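Please read the structure below before turning to the comments.
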Amino acid sequence: MSLVDGPFGSLSSCALNCFSTAANQSSCLVSNATCLCLDSTFFTQATDCTTLDCGVKAGLSATNLTMSICDIPQASQALISPVLAGVLGMLALIMVTLRLIQRTVFNRLFGLDDGLIVAALICAAPLNCTMFPMQKFGLGTNIWTIPFKHITKELELLYVAEVCYMAAEALTQLSFLAFYLRIFPIPRFQLICYCLMGLSICFGISNTFVMIFQCTPVPYFWSGWTGEYEGTCIDINGYSWYKAAIQIAMDLGIITLPIWPLLHTAMSTKKKIQIILMFCTGFLITVVSCLRLRSLVVFSKSTNTTYANTPAIYWSVVECDVAIICACMPCLPSLLKHLFPSLFGQPSSYLNGNRSPKYNEHSDGSMPLGRIQKDTSWQVSTSETQLVHEPVEESVAMKSQPA
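In terms of the working numbering, the sequence shown opens at residue 1 and continues consecutively.
Laid out in structure tokens, this is it:
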């Protein structure tokens, strides 16, 4: 009895030649399909030969048929990405909305940092939304079970998601730094912020362009998997490692940056600790980045891309949404105080106005040598019926005196 007469007989003639060759090298009888199904060497040799000699599509079809014949359970991660995108994407939208309410309704202010976080949310929206059709077209399932046209559709959506991810990530970093510039009026500190902003802009633009033009021609990104078209792509795995290492270093720098000026503000130690802990929630971004980096190791060793790439994709979604949420957290305490003053106390302008509390240092970063003097000027006007006085300028100046 030959392999043609058994359950593998429905394979294409090209694939059948590969399977017959592999079966002849197996210790199992050709007629014993159960034994062949348990022989991993036979399966690997047969499918590799089919892919090489008959084409990618024939190899996938042969793998799918073999899995069905051998009744091998199919693993699935299909629901993870859309669920995370739906939950975290909605939470990010809520947090940005609350931030805008706090800034525009109660503080009547709208700064550069607010505009940047809105732009980041707009860029993150396609990233979150594409997870739903990507799941429909096969994300999280084994590639050999997916119709060929769906694989192409899934890769087209992945292309859009990658570009949006890079843009949203850079805009969120810029929002953090613009927020620091608003609340910490220290020249030396602001210089560091401007340097990091320049680095973030350059890095974000370069990453976005790399994602757009990672394949030549560009459509080769979603059509090249068939092996039927000519084109080239960069080593995306190597690039991802390089990019992730720099990204994690930048995230750590941005997250820890406000700790130094916070320690020098004129606040109680308890208040300082509370605010520093709030900023430290940003370390979640770094943790997620490390988890995403770990998932790239699995992806780089697999040809089952629609399944193996799933963790890298959903960790990218989590990283992007968590970063937006963390960027909005400093505005939350003030909003709660405005809405529920009896529970949370009276709101202050710290972390929400144009600058932070007074610093225990000079503009050049040195510690004060003298006292703080409050200067107030007044404008007085008179009329026939009443005397009116109104403050025109009120400033707090730090003047040093010899010890």
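Positions of the beta carbon are idealized from the N, C-alpha and C atoms, including for glycine.
Predicted, not measured: the structure shown is a model, and the values here were computed from it.
In chain order, what residues of the same chain lie with their CB nearer than 8 Å to the CB of A75, ignoring the 5 residues before and after it?
-> N142 and Y307
Alpha helix (DSSP H) segment containing S40, residue limits = S40 to C54
Alpha-carbon spacing of F184 relative to L196, whole angstroms | 15 Å
Starting from A161 and walking both ways along the alpha helix (DSSP H), at which residues does that stretch end?
-> F148 to I183
Look at the Cβ atom of E169, then the Cβ atom of C320, and state whether they are nearer than 8 Å.
-> yes
C-beta contact flag for M95 and C280 at 8 Å | no
8 Å contact criterion, which F137 and E154 should meet: CB distance rounded | 4 Å
For S76, the three-state DSSP class (helix, strand or coil) | strand
Rounded C-alpha distance that separates L79 from V56 = 27 Å
What's the call for S302, buried or exposed, on a 16-neighbour Cβ count within 10 Å?
-> exposed
Helix or strand or just coil, what does DSSP make of T232?
-> strand
Assign T97 to one of three DSSP states: helix, strand, or coil.
-> helix
Measure how close the beta-carbons of S81 and M134 come, nearest whole angstrom, since I'm counting them as under 8 Å.
-> 7 Å
Once you ignore the five residues that flank C54 on each side, which residues in its own chain have a CB closer than 6 Å to its CB?
-> C14 and A15
Rounded to the nearest angstrom, how far is the Cβ of A124 from that of I273, given a contact under 8 Å?
-> Going by Cβ atoms, the distance from A124 to I273 rounds to 31 Å, so no, they are not a contact pair.
Terminal residues of the continuous alpha helix (DSSP H) containing I273?
-> T269 to C280
How would you write the range of the alpha helix (DSSP H) that A327 sits in, first residue to last?
-> T310 to C328
For F179 and L116, the rounded distance between their alpha carbons = 10 Å
Grouping DSSP H, G and I as helix and E and B as strand, with all else coil, what is C331?
-> helix
When DSSP labels each residue in this structure, what does N17 get in the three-state scheme?
-> helix
Return the residue from the list L332, L127 and G227 that minimises the CA-CA distance to V317.
-> L127
Quick one: grab the DSSP three-state call for C129.
-> helix
Between V118 and the rest of its own chain, which residues show a CB-CB distance below 7 Å, the 5 nearest in sequence each way excluded?
-> V96
Per-residue DSSP class, three states only, for T305 | helix
In this structure, does DSSP put C215 in helix, strand or coil?
-> strand
Short check: CB of I72 to CB of P7, under 8 Å?
-> no
Go ahead and pull the three-state DSSP assignment for S10.
-> helix
Determine which residues share a DSSP beta bridge with T141 and list them.
-> S76
Which residues in the same chain as L343 place their Cβ atom closer than 8 Å to its Cβ, once the five residues preceding and following it in sequence are excluded?
-> L336
W222 lies in the alpha helix (DSSP H); which residues open and close that run?
-> Y220 to S223
Please determine, among A62, L339 and C37, the residue with the shortest C-alpha to C-alpha distance to C49.
-> A62
Quick one: Cα of L60 to Cα of M211, how far?
-> 27 Å
Are the Cβ atoms of C215 and C233 separated by less than 8 Å?
-> yes
Contact the region 256-275 vs the region 233-248: 3+ CB pairs below 8 Å = no
Of the residues L191, S289, D113 and D114, which one's Cα is nearest the Cα of V322?
-> S289
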